[in-house]
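Sequence positions in the sequence shown follow our numbering and run 334 to 424.
We treat Cβ as the ideally placed atom computed from N, Cα and C, and that holds for glycine.
One structure below.
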Amino acid sequence: MALLGVLARVEVADRSQATRQLEQIDGVSTFSVDEQERIGILIEASSVNSAHELLTTEVNCVSGVLGTWPVFSHFEDVEPSHDDVRPTIEK
């Protein structure tokens, strides 16, 4: 399981709509932060790569989302798959 905490910058006028759209994405939940132009997002996925893909292909594409910054990550009992293994560069 992979958890990714993200801070998103949003258009203030589109905040409510963006929050509703984000909440409709499987594995994504939102939470309030103190600034109107920001939304907190929690992404839960089966692997690191799946969480990254969800962030880049769905969350970042929501109307009103201007940018996202991962600020927290937690990975527990994640068995590496061939997708998660990075090639070793020999020198």
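Discussion item. I'd like the ranges of any alpha helix (DSSP H) spanning at least 4 consecutive residues and lying wholly in the segment 343-414.
Written reply: Within the segment 343-414, complete alpha helix (DSSP H) segments of at least 4 residues are found at 348-356, 381-390, given in chain order.
Discussion item. Does any residue of chain D have a CB that is nearer than 7 Å to the CB of L388?
Written reply: Here chain D cannot be found, since the structure has a single protein chain.
Worksheet item: Any idea if L387 is buried or exposed, counting beta-carbon neighbours within 10 angstroms, 16 or more meaning buried?
Response: L387 is classed as buried because its beta carbon has at least 16 other beta carbons within 10 Å across all chains shown.
Worksheet item: Do V339 and V398 have their CB atoms nearer than 7 Å?
Response: Not closer than 7 Å, so no.
Worksheet item: Quick one, which of S396, S380, I374, T389 has its alpha-carbon nearest F405's?
Response: Comparing Cα-Cα distances from F405 to each of S396, S380, I374, T389, the minimum goes to I374.
Fill in: Nearest-angstrom Cβ-Cβ length linking V395 and A351, presumed shorter than 8 Å
Indeed, because the Cβ distance is near 5 Å, the residues count as touching under 8 Å.
Discussion item. Whole angstroms are fine: how far does the CA of E409 sit from the CA of E370?
Written reply: When rounded, the distance between both Cα atoms is 31 Å.
Worksheet item: Is T389 buried or exposed, if buried means 16 or more other CB atoms sit within 10 Å of its CB?
Response: It counts as exposed.
Worksheet entry | When D367, E368, T363 are compared against L337, the one with the closest alpha-carbon | Measuring C-alpha to C-alpha distances from L337 to each of D367, E368, T363 identifies T363 as the nearest.
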